[in-house]
Amino acid sequence: MKFQLSKHTRILWQMRGFLLVAVLSGVLLLFLPRVFWVRVGIGIFFLLGNGIIVTILPLYLKTFSLLIEKDFLRLERGMVFHKIYLFPNTAVLTVTAVSTPFSALFGLFSVVFKAARKRAFMPELSRKETEKILGFLTENLS
Numbered sequence: 464m465k466f467q468l469s470k471h472t473r474i475l476w477q478m479r480g481f482l483l484v485a486v487l488s489g490v491l492l493l494f495l496p497r498v499f500w501v502r503v504g505i506g507i508f509f510l511l512g513n514g515i516i517v518t519i520l521p522l523y524l525k526t527f528s529l530l531i532e533k534d535f536l537r538l539e540r541g542m543v544f545h546k547i548y549l550f551p552n553t554a555v556l557t558v559t560a561v562s563t564p565f566s567a568l569f570g571l572f573s574v575v576f577k578a579a580r581k582r583a584f585m586p587e588l589s590r591k592e593t594e595k596i597l598g599f600l601t602e603n604l605s
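When we follow this note's numbering, the leftmost residue of the sequence shown carries the number 464, and every step to the right adds one.
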């Protein structure tokens, strides 16, 4: 079974990013001197930050994938530093589904895999996919 992040995940992370850039820009506007060039710099920061959120963040979120086979679990992520986590199914000690209040509005859950000296994290999957993962792994581990 292969899992990718949902479209709701992209929307959720973009909302978080827009909120972060807006709050940082507001704090900078509030505490820095009210000079024209400072405001231009903050405006450029605001535009660049939102541009990165619109262009690069969706590309980064597309790199997340989870492959579950009968014998192993493979989690891939990263653009510049591509990481691959391989877990034999027998090495997985716990699988936990976690949801924050903000992601619960979208019905998304993060799945945390823990093994001896390893930990991997798959952010914001749908409830149906999370239940499939938990069901498959608990069925094969017992």
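For each residue, glycine too, the CB sits at the ideal point set by N, CA and C.
Got a sec, what are the start and stop residues for the alpha helix (DSSP H) residue i sits in?
i	result
residue 521	499–525
Under 8 Å by Cβ, that's how I've got residue i and residue j pegged, so tell me the actual separation to the nearest angstrom.
i	j	result
residue 564	residue 573	Their Cβ separation, rounded to whole angstroms, is 13 Å, which puts residue 564 and residue 573 out of contact at 8 Å.
residue 569	residue 475	6 Å
residue 530	residue 465	5 Å
Between which two residues does the beta strand (DSSP E) harbouring residue i extend?
i	result
residue 543	Element bounds for residue 543: n/a, residue is neither H nor E.
residue 529	528–531
residue 563	Premise fails: residue 563 is in no beta strand (DSSP E) and is neither H nor E.
Candidates the options: which alpha carbon is nearest residue i's?
i	options	result
residue 527	513, 537, 533	537
residue 549	577, 510, 567	577
residue 589	469, 519, 545	469
Cα separation between residue i and residue j?
i	j	result
residue 480	residue 556	33 Å
residue 484	residue 553	43 Å
residue 496	residue 502	9 Å
residue 601	residue 525	27 Å
Let me check you understand the geometry: is the CB of residue i closer than 6 Å to at least one non-hydrogen atom of the ligand GTP?
i	result
residue 514	No copy of the ligand GTP appears in this structure; indeed no ligand is present at all.
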